[in-house]
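Here is the structure we will look at, set down as structure tokens.
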Amino acid sequence: MADALDTLLTEIRACRLCTRALGFEPRPVVAATRTARILVIGQAPGSRVHASGLAWDDDSGNRLRGWLAIDRETFYDPAHVAHMPSGFCYPGKGKGGDLPPRRECAPMWHARLRAELPDVRLTLLLGMHAQRLYLPRGFAPNLTEAVRASHHAPDGLFPLPHPAWRSRLWMARNPWFEIDVLPALRLRVAAALG
Ligand code: SF4
């Protein structure tokens, strides 16, 4: 018999709320089991992930796994790592690249999904959309300062830049990220999975 989480995931995967706004068939990308220790909250799937249906199945995912120092097997095992983007579906392209996550999505699904993940010890907030949803108001004036203050973030939250190709430029401008933040992040990941 399906448990509450399985039922919820089926409901999410069947969601077509944004069909009209998107102008194409939504494909919600989400993965979780009740034992997950790490919750990854990114932005929204890109076109490649929209095609494959597998979260972080792109260069950003390779970079993220490098930051976390975990292999693909662990990263894609929902018994360990749950994936809940800010918007579950590819939002389409605008003039400056992919559009932001659909605003309907987080209020519609996030609280219900998080309620089914009782063992999460570490929640990664990748990029400004996830940070706007989950960091306390006034935590930091911008993404860079939020990441710099990651050791002060409450409730197992860990703000990070989005690992898109642009993050390489950001990392070059902010060398403290590799020196201070990534080692701390890897310790937190190992402790959460341990
Ligand atoms: S983005 Fe979220 S709310 Fe919109 S169709 Fe996809 S799952 Fe539903």
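Following the UniProt record's numbering, the numbering of the sequence shown begins with 1 at its first residue and continues without gaps.
Note that beta-carbon positions come from the ideal geometry of N, C-alpha and C, so glycine has one too.
Please list the terminal residues of the continuous beta strand (DSSP E) segment that includes residue 41.
To locate residue 41, count along the sequence shown from 1; it is residue 41. Per DSSP, the unbroken beta strand (DSSP E) holding residue 41 starts and ends at 38 to 41.
Is the CB-CB distance between residue 149 and residue 37 below 7 Å?
Along the sequence shown, read from residue 1 onward, the residue named residue 149 stands at position 149. Along the sequence shown, read from residue 1 onward, the residue named residue 37 stands at position 37. Not closer than 7 Å, so no.
For the alpha helix (DSSP H) that contains residue 22, what are its first and last residues?
By one-based count along the sequence shown, residue 22 stands at place 22. Its alpha helix (DSSP H) spans residues 19 to 22.
To which residues does DSSP link residue 81 through a beta bridge?
Within the sequence shown, residue 81 is the residue found at index 81, counting from 1. 38.
Take residue 108 and list the residues in its own chain whose beta-carbon comes closer than 8 Å to its own, dropping the five residues that flank it on each side.
If you number the sequence shown from 1, residue 108 lands on position 108. Beyond the five residues adjoining it in sequence on each side, residue 108 comes within less than 8 Å, by CB distance, of 15 and 17 in the same chain, given in chain order.
Please indicate yes or no: does the CB of residue 158 lie closer than 6 Å to some heavy atom of the ligand ADP?
As for the ligand ADP, it is missing from this structure, which binds only the ligand SF4.
Would you decide whether residue 56 is buried or exposed? Buried here means 16 or more other CB atoms lie within 10 Å of its CB.
Along the sequence shown, read from residue 1 onward, the residue named residue 56 stands at position 56. Buried is the call here.
If we require 4 or more residues per run, which alpha helix (DSSP H) segments fall completely within the UniProt domain "Uracil-DNA glycosylase-like" (29 to 186)?
For the UniProt domain "Uracil-DNA glycosylase-like" (29 to 186), whole alpha helix (DSSP H) runs of length 4 or above, ordered along the chain, are 47 to 52, 59 to 68, 72 to 75, 105 to 115, 128 to 134, 143 to 148 and 166 to 173.
Among 49, 67, 61 and 45, nearest to residue 184 - alpha-carbon criterion:
In the sequence shown, counting from the first residue as 1, residue 184 sits at position 184. Among 49, 67, 61 and 45, the Cα nearest to that of residue 184 belongs to 67.
Can you tell me whether residue 138 is buried or exposed, with buried defined as 16 or more other CB within 10 angstroms of its CB?
Working through the sequence shown from its first residue, we reach residue 138 at position 138. Classification for residue 138: exposed.
Taking the alpha carbon of residue 131 as the point to measure from, which residue in 92, 86 and 9 has its own alpha carbon closest?
Position 131 of the sequence shown, counted from the start, is the residue given in the question as residue 131. It is 86 whose Cα lies nearest to the Cα of residue 131.
Please report the straight-line C-alpha distance between residue 169 and residue 163, rounded to a whole angstrom.
Residue mapping note: residue 169 aligns to position 169 of the sequence shown, counting from 1. Residue mapping note: residue 163 aligns to position 163 of the sequence shown, counting from 1. Straight-line Cα distance between these residues: approximately 11 Å.
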